[in-house]
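Report on one structure; see the data block that follows.
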């Protein structure tokens, strides 16, 4: 087991080093960047599509999409008008700083104002790998249930903003918003929270304001 | 990188060996066992609760719950009348055969007819770790979206039954059932599919029949 632990430690410190390099690269090119994380199907790609509608053409926005398979998400981001890069993780359950570095190399950063990284759909591992982006965003969604902050604390603890998507489904699903927010508050008292619906557009302006403020 | 690859290979072959041991233990005690996998919030615990309502008291059912934090799910299974064991994975994103072995040691297998293992909420890593259970079940849920078989192929390829939960939400969500099922068929042509709603009870009888047939 010692070999294993040592390997994990080496991987993590290499990741930290590369994340710092990525941050320097992004700062050097004056690119504001966010890392969006969520469960599969919480609405990462939908939120990016809705955000691009407002951000473009005023800003040049690039999207780097991490997935274990297919380029469905990157295709959707490209169709919405962004420069899109697909990173296939080869079965890996999260993006890491090496993968982001490879993605950055495919972009003309000098001509980009904002980079949105869409992480692999997973509420656990992505939280352990800093990519070097400026802000981390978690998307929760109403159908996932109100107990998720309690069950996936590391993810809720480490982010700068929380989107609660699919609020249009609140009438049809048992979801106690107070219980959910109480769990969030324990883990991350100052977290900015944006309840919204990518389907109806409700709540999007507050999120977009935060995003544009950088 | 070679050390790393070697470590991963050793972990996987150790897991296979322990999974075979678990299968032997379960067979020896005549316990039928299933491994339930899904995204966070797809309805693993709800499906277990609804299944226990019908299975108990005719059968002695035990539930082993894997989670990165809390005992919320095991508490719910215990409240529903099952013998419940909580396995805290310590941040790990999946159960493995060692963890199941530790869980089995806490149960009186001779007095159990059926074991339901609730894996960690994750659509990626659990598919790579055989636990030694007899059948694997995946729960998809309507709000996750109809593209999930295409995006998480390993999970859909490796299971014996697929539950499509939350069909009561179909009127409120864009979800193309034909597109979804077509993706499933490519990966796993003979997969048994059970569309149902744990909320309304619709579709549960077919699932329960499959479960009771073992």
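Chains as they are written, first to last, in the numbering used here: chain A, 22 to 235; chain B, 22 to 235.
C-beta: ideal position from N, C-alpha, C; glycine also.
This structure is a prediction, so every number in the text was calculated from the model and none was measured.
Taking the runs of the alpha helix (DSSP H) that are 4 residues or longer, which of them lie wholly in the segment 154-229 of chain B? 169-172, 174-178 and 198-208
Determine whether the beta carbon atoms of residue 168 of chain A and residue 91 of chain B lie at a separation below 9 angstroms. yes
Say whether chain A places a C-beta atom closer than 9 angstroms to the C-beta of residue 216 of chain B. no
DSSP beta-bridge partners of residue 72 of chain A: In DSSP, residue 72 of chain A forms no bridge with anything.
If you pair each beta-carbon of the segment 208-220 of chain A with each one of the segment 111-118 of chain B, do three or more pairs fall below 8 angstroms? no
Chain A contact for residue 95 of chain B (CB, 9 angstroms cutoff): no
Taking the alpha-carbon of residue 158 of chain B as reference, which of B:54, B:36, B:47 and B:41 has the nearest alpha-carbon? B:54
Pull the bridge partners of residue 107 of chain A from the DSSP assignment, please. A:86
Name, in chain order, the residues that DSSP records as bridge partners for residue 138 of chain B. B:56 and B:85
Straight-line Cα distance separating residue 166 of chain B from residue 22 of chain B: Low confidence applies to residue 22 of chain B: its pLDDT is 41, below 50, so where it sits in the model is not reliable enough to give any reading.
Within 7 angstroms of chain B by C-beta, residues of the segment 170-192 of chain A in sequence order: 171, 172, 173, 174, 175, 187 and 190
In the DSSP assignment, find the unbroken alpha helix (DSSP H) run with residue 123 of chain A in it and report its ends. 118-125
Assuming residue 103 of chain B and residue 83 of chain B are in contact, meaning their beta carbons sit under 8 angstroms apart, how far apart are those beta carbons, in whole angstroms? 6 angstroms
Taking all protein chains shown into account, decide if residue 38 of chain B is buried (16 or more other Cβ within 10 angstroms of its Cβ) or exposed. exposed
Tell me which residues share the same chain as residue 101 of chain A and place their Cβ nearer than 8 angstroms to its Cβ, disregarding the 5 neighbours each side in the sequence. 69, 70, 73, 74 and 77
Check whether the segment 190-198 of chain A touches the segment 130-147 of chain A, taking contact to mean three or more Cβ pairs, one atom from each stretch, closer than 8 angstroms. no
Quick one: what does DSSP say residue 22 of chain B is sitting in, helix, strand or coil? Because residue 22 of chain B sits at a pLDDT of 41, beneath the cut-off of 50, its placement in the model cannot be relied upon, and the following sentence gives the value as read from the coordinates. Coil.
For residue 86 of chain B, count neighbouring Cβ atoms within 10 angstroms of its own Cβ and tell me buried if that reaches 16, exposed if not. buried
I'd like to know if residue 219 of chain B contacts chain A, where contact means its C-beta is closer than 9 angstroms to some C-beta of that chain. no
Exposure of residue 185 of chain A, with buried meaning 16 or more beta-carbon neighbours within 10 Å: buried
Selection of the segment 71-91 of chain A by Cβ proximity to chain B, strictly under 9 angstroms: 88, 89, 90 and 91
Is any beta-carbon of chain B found at less than 9 angstroms from that of residue 51 of chain A? no
Does the segment 223-232 of chain B come within contact of the segment 197-212 of chain B, defined as at least 3 CB pairs closer than 8 angstroms? no
Close Cβ partners of residue 112 of chain A (< 6 angstroms) along its chain, the five nearest in sequence each way excluded: 89
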